[in-house]
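Engineer: Mapped onto mature numbering (1 follows the signal peptide of the UniProt record, and there is no 0), the consecutive letters of the sequence shown carry residue numbers -22 to -1, 1 to 161. Even for Gly, the Cβ is constructed at its ideal location relative to N, Cα and C. The structure displayed is predicted, hence computed values, not measured ones. I have a structure I would like to understand better, so I am pasting it below and will then ask my questions one at a time.
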Amino acid sequence: MNNIKKAFCVLALMSSSMMVNANDVVKNDIRKEVQTWIDIEVAQKKSTLQKMVFSCDFYVASPKFKTPDGGSTGIGGYLFYKKGDQLDMLIQPSSDEAMPVLQSCIKPNFAVTDEDGAQLLMEAIESVFNQDLMFSDSFETQIKKTTKGWELITGDFFDDLSGYVIKTDKAGKITQIRYSLNL
């Protein structure tokens, strides 16, 4: 009798294992099918302003889901930068934070010595991040000279102003770029 119980237990374990394996096959088949619905469009973000300020190339990758009627639905965009052989994601700031990647993309000979240079920098940054509506069309941007550099005010955040804090040395070379929600 014990042998019969053991045989049933072994048979039950084997059939549940086969069911799990069959279930995994179905899941993988579904994954493969859904992957055929996804397309990723990649476009380079180019502007004269970017060429004047940045040494990096910028790209936006936009995943699209194909719909049964032949159309497609987008699910946002993801920003990338390429500097030499390095290709990586560029994260748009959403809180007070330093932006060392964007700073590393500044051309070595670019300097902000006056309001025109600050305006050029602000517009170049806007051309990189504009797909995410960081800059409100209704907000009038502002540029303020500070003792340590510049504030590029690009929006408001509740009762505060938001934008970029640009620290420069005496020659106008950028030593730090920070995003701030409290300018």
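First and last residue of the alpha helix (DSSP H) that includes Pro78?
Structural biologist: One-based indexing of the sequence shown puts residue 78 at position 100. For Pro78, the uninterrupted alpha helix (DSSP H) run begins and ends at 78 to 82, by DSSP.
Engineer: From the DSSP output, in three-state form, read off Asp94 for me.
Structural biologist: Here residue 94 refers to the residue found at position 116 when the sequence shown is read from its first residue. DSSP, reduced to helix, strand and coil, places Asp94 within a helical segment of the structure shown.
Engineer: Please report how far the alpha carbon of Phe107 lies from the alpha carbon of Glu118, in whole angstroms.
Structural biologist: Stepping through the sequence shown from its first residue, residue 107 is reached at position 129. Stepping through the sequence shown from its first residue, residue 118 is reached at position 140. Using only the alpha carbons, I get a separation of about 17 angstroms.
Engineer: Verify whether the separation of the beta carbon atoms of Gln120 and Leu139 is less than 9 angstroms.
Structural biologist: Stepping through the sequence shown from its first residue, residue 120 is reached at position 142. Stepping through the sequence shown from its first residue, residue 139 is reached at position 161. Taking 9 angstroms as the Cβ cut-off, Gln120 and Leu139 qualify as a contacting pair.
Engineer: Mark Trp128 as exposed unless 16 or more other C-beta atoms lie within 10 angstroms of its C-beta, in which case mark it buried.
Structural biologist: For the purposes of this step, residue 128 is taken as residue 150 along the sequence shown, with counting starting at 1. Trp128 should be labelled buried.
Engineer: Whole angstroms is fine: what's the gap from Met30's alpha carbon to Asp2's?
Structural biologist: One-based indexing of the sequence shown puts residue 30 at position 52. One-based indexing of the sequence shown puts residue 2 at position 24. Answer to the nearest angstrom: the Cα atoms are 53 angstroms apart.
Engineer: Ignore the nearest five residues each way along the sequence and tell me which others in Met67's own chain have a CB closer than 6 angstroms to its CB.
Structural biologist: On the sequence shown, position 89 is the one that residue 67 refers to. Hits under 6 angstroms: Phe58.
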